[in-house]
Every structure is written in C-alpha cells, then in structure tokens.
Amino acid sequence: MPELPEIACRAREMQEHLTGRIFSGVEVFQPKCLNEPPEVFRAHISGVSIRSTSHRGKWILTELDRGWLLFNLGMGGELLLVNRMELPGKYRLIFDFVDGDCLSVNFWWFGSSHFCSPEGIKEHPQVSKLGKNALEFTAEDLAAVTGHRKTAIKTLLLDQTCIAGLGNAYIHDILFMARLHPLRPANSLSAKERYGLIDSIHHGLEPSLAKGGAFYEQNLFGQKGGFQFEDILVGYREGQPCPLCHTPILKIKTGATSSYICPTCQVLI
DNA sequence: TATCTTGTTAATCG
DNA sequence: ACGATTAACAAGAT
C-alpha cells in the first residue's frame, strides 16, 4: 500500500544511494511485471548508469543515461539495496550493479517495472496521464477538476489522472480532517471546503513523509517507516471513538473501496 | 474454505 | 461523454 509518502521517500533514498551506479544486468523471476521480454529489458539497462531518481504520484522514475526505468509498487513492495551475497528471502527482480551491490525488488501484488526510451516516457500509458503530485495540487487545481463533476469526492481523489499519489490508506484521515464525507459529490464542495481539503492533504501526507513513510513499508535498507498506527486518526479504527467527538468510527462501503469515517464529523450533504 | 485487502485498467450498462 | 459497477490481474492473512 505504498502511497505518496512512501514513494517519495524511496525515490529520495534512491537519488542519494543509487545515482551514478552502473547496472551490470538484471535477473528476472517474474517476466509479467516487465513491459518487454526479459532479454530486451536486460539489454536496455546493462552497462547503463543512473542519472537521478524522482517520482510522480505512485511511480518512481529513474532516469538512466539512455532511457528511463519506472517502478510501480502496486499494493505493496520492497526495494532493497543489498550486497549480492545477502539477498532477502523473496524477490521477483534483481538489478545488479557492477560494484557487487544489487537492487532487490519484490512486489506482493500488481507491481511492475518498465523500461522507456528517453522520449518514450511521454507516451507511457500510465505515467504520461498522471495529474499533479498531491502536494503540489492547489485549490485552483481542485476547483478545475471538481468543476461540474458529480462523482464522489473520494473517487476523484483516488483518480491518479486528476491528482497523483493518494491511495486508500491516507485518504481516510484526509477526508476526516477536511470534515468531508467520502461520497460527497465533488461539485458540491464550497470554496472554503476546497481550501480545507487541500490543507488536509498536506496535513495527511507530510508527517509521514517526514518520518520516512508508514510503519508497514520499509526503506532501501529494510528499516520500517516512522509513521505509526497511533498517528492515524480514524483510518482502520472501526468502533473506536472519534478523536474529536467520541462517536464510534464506522467502516462503510464506498464504491469499490471501504472508508472509515466519523458519522458525526463527516455528514453527507 | 470463503473473504478481505492496499492499485489500476478495461469492459459493461444506463 | 459521464458515471457507476464489476471483474481481472502476478498474494497473503485470517
């Protein structure tokens, strides 16, 4: 369940620890997570060095001397920088560096690693369509996106082509802090509510970003993030009292996903 | 065994 | 064109 805080931290760590390293090859244990046949993918990265790493939404973008390496961790995954002799128990890809270290990649559902040519990234089916990063998203952007749309505000916030980086974990507290019911029609938000929602996105993501991400994900060296379960206000706290009004928190179905809400603080319309 | 869960796309129906 | 719903895909826990 990595979302923007975890992905941004991983990208920052990769920028710090992988920049300048040169790939010697890659071992592929799950070909389906690549966008090219393993031999082609290997040929594209072997002998190529890493220029920089950044992220857009939940995608990690590693710029190479010749092209791009893109990672999407799906519903959870590990990127570990280890020596080739100290591999973890599970991995689906191993990117070897000429110095003897390697980047071990494991997904536990739906992760992928794509190679793109220098220009190809503009046509990448997912990355090219992403909206602004959630922390750069402004109230004006929100107004433009909500505009006439009647869809639920939660659906819109999870739509990566509108705003990139939010997922179904941090969103519970973001909507709670904004006092918005997840099923509120997007176009029914007042200007004040839109400003409040932007504030809440920052308050919902930045503490975790500062602490290296959530406790359920690990950094490049296998250390867990510092954002604890205790730091979560209402998410995953079904039946526990709302921190503001003590009403028991409800778990409700909202389309394809579940939502945790305080029924008193987050009223529909 | 049945069900749930974090992401994302595509297909379908209205 | 939009919006809502469902299924599907590469797991794992309970």
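Quick note, this note's numbering runs 1 ahead of the 1-based positions in the first sequence. Idealized CB from N, CA, C, for every residue including glycine. The structure presented is a predicted model; accordingly, all values stated were derived computationally and were not measured.
Checklist entry - How big is the Cα-Cα spacing for A144 and D100? => result Within the first sequence, numbered from 1, the residue matching residue 144 stands at position 143. Within the first sequence, numbered from 1, the residue matching residue 100 stands at position 99. If you take the alpha carbons of A144 and D100, they lie about 50 Å apart.
Checklist entry - Is it the case that the Cβ atoms of P3 and K59 are separated by a distance below 8 Å? => result Translated into positions along the first sequence, residue 3 becomes position 2. Translated into positions along the first sequence, residue 59 becomes position 58. Yes, the Cβ-Cβ distance between P3 and K59 is below 8 Å.
Item to check | Beta-carbon contacts of Q229 that lie in its chain and below 6 Å, excluding the five residues immediately before and after | outcome: Locating residue 229 in the first sequence gives position 228, where the first residue counts as 1. Within the same chain, Q229 has close Cβ partners F216.
Item to check | Opening and closing residue of the alpha helix (DSSP H) in which G205 lies | outcome: To locate residue 205, count along the first sequence from 1; it is residue 204. First-last of the alpha helix (DSSP H) with G205: A192 to A211.
Next on the checklist: Distance check for G77 and L206, CA to CA, integer angstroms please.
Outcome noted: Working through the first sequence from its first residue, we reach residue 206 at position 205. Working through the first sequence from its first residue, we reach residue 77 at position 76. Taking the straight line joining both Cα atoms gives about 18 Å.
Item to check | G256, DSSP secondary structure in three states | outcome: Sequence index remark: in the first sequence, residue 256 carries index 255 (1-based). The answer is coil: DSSP assigns G256 none of H, G, I, E or B.
Checklist entry - CA-CA distance, S260 and K151? => result What you label residue 260 is simply residue 259 of the first sequence in a count that begins at 1. What you label residue 151 is simply residue 150 of the first sequence in a count that begins at 1. Distance between the alpha carbons of S260 and K151: 19 Å.
Checklist entry - So, helix, strand or coil for V128, using DSSP? => result Taking the first residue of the first sequence as position 1, residue 128 is located at position 127. Helix at V128.
Item to check | Nearest candidate by alpha-carbon position, reference P244, set P264, K254, A257 and I8 | outcome: Looking up residue 244 in the first sequence gives position 243. Of the candidates P264, K254, A257 and I8, the one whose C-alpha sits nearest the C-alpha of P244 is P264.
Next on the checklist: Quick check on G68: does DSSP put it in helix, strand or coil?
Outcome noted: For the purposes of this step, residue 68 is taken as the residue at position 67 of the first sequence. Correct three-state label for G68: strand.
Checklist entry - Anyone know if the C-beta pair for G227 and K212 falls short of 8 Å? => result Within the first sequence, the letter at position 226 stands for residue 227. Within the first sequence, the letter at position 211 stands for residue 212. The Cβ-Cβ distance between G227 and K212 falls below 8 Å.
Item to check | Whole runs of the beta strand (DSSP E) within the segment 13–54, excluding any shorter than 3 residues | outcome: Look at the segment 13–54 and you find these whole runs of beta strand (DSSP E), each 3 residues long or longer: 24–29.
Item to check | alpha helix (DSSP H) segment containing D142, residue limits | outcome: By 1-based counting over the first sequence, the position of residue 142 is 141. Residues A140 to T147.
Next on the checklist: For T258 and N169, I'd like the C-alpha separation in whole angstroms.
Outcome noted: Taking the first sequence and counting its residues from 1, one reaches residue 258 at position 257. Taking the first sequence and counting its residues from 1, one reaches residue 169 at position 168. Inter-residue distance for T258 and N169 is about 7 Å (C-alpha atoms, whole angstroms).
Next on the checklist: Using the three-state DSSP reduction, which class does R11 fall into: helix, strand or coil?
Outcome noted: Position 10 of the first sequence, counted from the first residue, corresponds to residue 11. The DSSP-derived three-state label of R11 is helix.
Item to check | Same chain, Cβ closer than 7 Å to K133, neighbours up to 5 away in sequence not counted | outcome: Here the question's residue 133 lines up with position 132 in the first sequence. For K133, where only same-chain residues beyond five positions count, the Cβ hits under 7 Å are D142, I164 and A165.
Checklist entry - Which value, in whole angstroms, describes the spacing of the CA atoms of N107 and I95? => result Indexing the first sequence from 1 puts residue 107 at position 106. Indexing the first sequence from 1 puts residue 95 at position 94. For N107 and I95, the distance between alpha carbons rounds to 9 Å.
Next on the checklist: Is the beta carbon of I8 closer than 8 Å to that of F24?
Outcome noted: To locate residue 24, count along the first sequence from 1; it is residue 23. To locate residue 8, count along the first sequence from 1; it is residue 7. Not a contact, by the Cβ cut-off of 8 Å.
Item to check | For F138 and I61, believed in contact at Cβ under 8 Å, the rounded distance | outcome: For the purposes of this step, residue 61 is identified with residue 60 of the first sequence, where counting begins at 1. For the purposes of this step, residue 138 is identified with residue 137 of the first sequence, where counting begins at 1. Actually they do not touch by this definition, with Cβ atoms about 19 Å apart.
Checklist entry - Do L181 and L81 come within 8 Å of each other at the CB atom, strictly closer than that value? => result Indexing the first sequence from 1 puts residue 81 at position 80. Indexing the first sequence from 1 puts residue 181 at position 180. With a cutoff of 8 Å on beta-carbon distance, L81 and L181 are scored as not near each other.
Next on the checklist: Based on DSSP bridge pairs, tell me the residues matched to V99.
Outcome noted: One-based indexing of the first sequence puts residue 99 at position 98. Bridge pairing for V99: absent [DSSP].
Item to check | Every unbroken beta strand (DSSP E) within the segment 163–188, with a cutoff of 3 residues, ordered by chain | outcome: Runs found: none.
Item to check | Sub-8 Å separation of S114 and F72 beta-carbons | outcome: Locating residue 114 in the first sequence gives position 113, where the first residue counts as 1. Locating residue 72 in the first sequence gives position 71, where the first residue counts as 1. At the C-beta level, S114 and F72 come within 8 Å of one another.
Next on the checklist: In this structure, how does DSSP classify I262 when only helix, strand and coil are distinguished?
Outcome noted: Counting from one through the first sequence, the residue named residue 262 turns up at place 261. If DSSP states are grouped into helix, strand and coil, I262 belongs with the strands.
Item to check | Three-state secondary structure (DSSP) of L159 | outcome: Looking up residue 159 in the first sequence gives position 158. L159: helix per DSSP, three-state reduction.
Next on the checklist: I'd like to know whether the C-beta atoms of V235 and I199 end up nearer to each other than 8 Å.
Outcome noted: Translated into positions along the first sequence, residue 235 becomes position 234. Translated into positions along the first sequence, residue 199 becomes position 198. No, the pair does not count as a contact, with Cβ atoms beyond the cut-off.
Item to check | Minimum C-alpha distance to F117 - residue among L131, L65 and M86 | outcome: If you number the first sequence from 1, residue 117 lands on position 116. Phe is not the amino acid found at residue 117; the sequence shown has Cys there. For the residues L131, L65 and M86, the minimum Cα distance to C117 belongs to L65.
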